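Reviewing the structure listed below.
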Ligand SMILES: NC(=O)C1=CN([C@@H]2O[C@H](COP(=O)(O)OP(=O)(O)OC[C@H]3O[C@@H](n4cnc5c(N)ncnc54)[C@H](O)[C@@H]3O)[C@@H](O)[C@H]2O)C=CC1
Ligand SMILES: O=C(O)C(=O)Cc1ccc(O)cc1
């Protein structure tokens, strides 16, 4: 029987989930809802959604499954709004928000009316937003956290696993508290630090305009996520306030200690600090399958960019290895350069390195 899925918010995550749903479920119709008609029309032409609706009540009451894929503060408001509608009695409602405590508290508005709610958070994404960045492979091998609202909604959790199997994600269950504590430290704090680092660099660029050119690979790596959507991150910071305030307090203390160690020029202590960080980091599987969103990057040394890009992409296309991104690492002007090519999994990364080794004279490195 045809299932009506309502996708509230059709940005990066809503659109990517819509593509995954359509990939693995027949007899499913995805309707998009947002406040932006141009976006809804665009996503329909791109065949991400089947149709769209700007009347939230009408769309919600026709839905068998509702995905809330808006910024967290909007999701909280919409949960309240739809709780007053006459939804189908067996409707399953879920969300994708990056925080879970506030969302699960709000979900009592829905569960008290007898509706099923399961909190969700696909732990993959990017600094991009909007349906143009939609990618049906976005969640492959990533963890997809589900937070049941009660013991009673085991069946809904099982239904979501089936519905979302096209994501190829790994489903795990956590409580809202566990979720917010862990993502606060591993995802939210890094975004705050990245943004702060960019602010500090901006002051430096004011004093030394040359600094922009000198921003090296390390700066670029650690600040990529500072290009993320500001509304989304302001919402997350407010929503996970308690954990983040505690985390920033710890930072203030540890940065104070670090500052003193540098003031003292305590080489050994600094060595131990960097050495321990390296050991811990090398042991975290951020580049291995099943980690927090990983980009599988191959660095190819090339003598000139334009020719090499065409040659490398030509070889990969011929071998049917799909790349998800290619970027030029700025090194010394036109003398010698590095292409950073990203693949969606380790297998394709290794295949790519093998064919590039066999069919070109370029050396490459997996990092
Ligand atoms: N971007 C990422 O990497 C990840 C994001 N998330 C979570 O997913 C949710 C969505 O994020 P993205 O897809 O990245 O955002 P996005 O900015 O790409 O899309 C947001 C969508 O919500 C719609 N929207 C905004 N305000 C609205 C309103 N008042 N009423 C109706 N629709 C409204 C927009 O039109 C757009 O369709 C957020 O809660 C975020 O925390 C979760 C995992 C990863
Ligand atoms: O771009 C990145 O590396 C991210 O950190 C993506 C991301 C953003 C928000 C989430 O809740 C989960 C993943």
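In my numbering, the protein residues as written are 70 to 436.
Built from N, CA and C at the ideal position, the CB exists for glycine as well.
These figures come from a predicted structure and were not determined experimentally.
- Secondary structure note for residue 191: it is in no alpha helix (DSSP H), and the uninterrupted beta strand (DSSP E) holding it is 185-191.
- Under the three-state reduction of DSSP, residue 340 is assigned to helix.
- 115 is the residue among 321, 115 and 95 whose C-alpha sits nearest the C-alpha of residue 79.
- A check of alpha carbon separations from residue 389 across 417, 191, 395 and 122 identifies 417 as the nearest.
- Residue environment: residue 124 is assigned as exposed (fewer than 16 neighbouring CB atoms within 10 Å of its CB, all protein chains considered).
- DSSP places residue 138 in the coil class of the three-state scheme, outside both helix and strand.
- Cα atoms of residue 342 and residue 192: separation of roughly 29 Å, rounded to the nearest angstrom.
- Of all C-beta pairs linking the region 242-252 to the region 215-231, three or more are shorter than 8 Å, placing the two stretches in contact.
- Short of 8 Å from the beta carbon of residue 72, and not among the five residues preceding or following it, lie these beta carbons of its own chain, in chain order: 94, 96, 97, 98, 133 and 134.
- Counting only the Cα atoms, residue 387 lies some 18 Å from residue 430.
- The straight-line gap separating the alpha-carbon atoms of residue 278 and residue 296 is approximately 21 Å.
- If you draw a 10 Å sphere on the C-beta of residue 283, you find fewer than 16 other C-beta atoms in it, and that means exposed.
- The continuous beta strand (DSSP E) containing residue 242 extends over residues 239-242.
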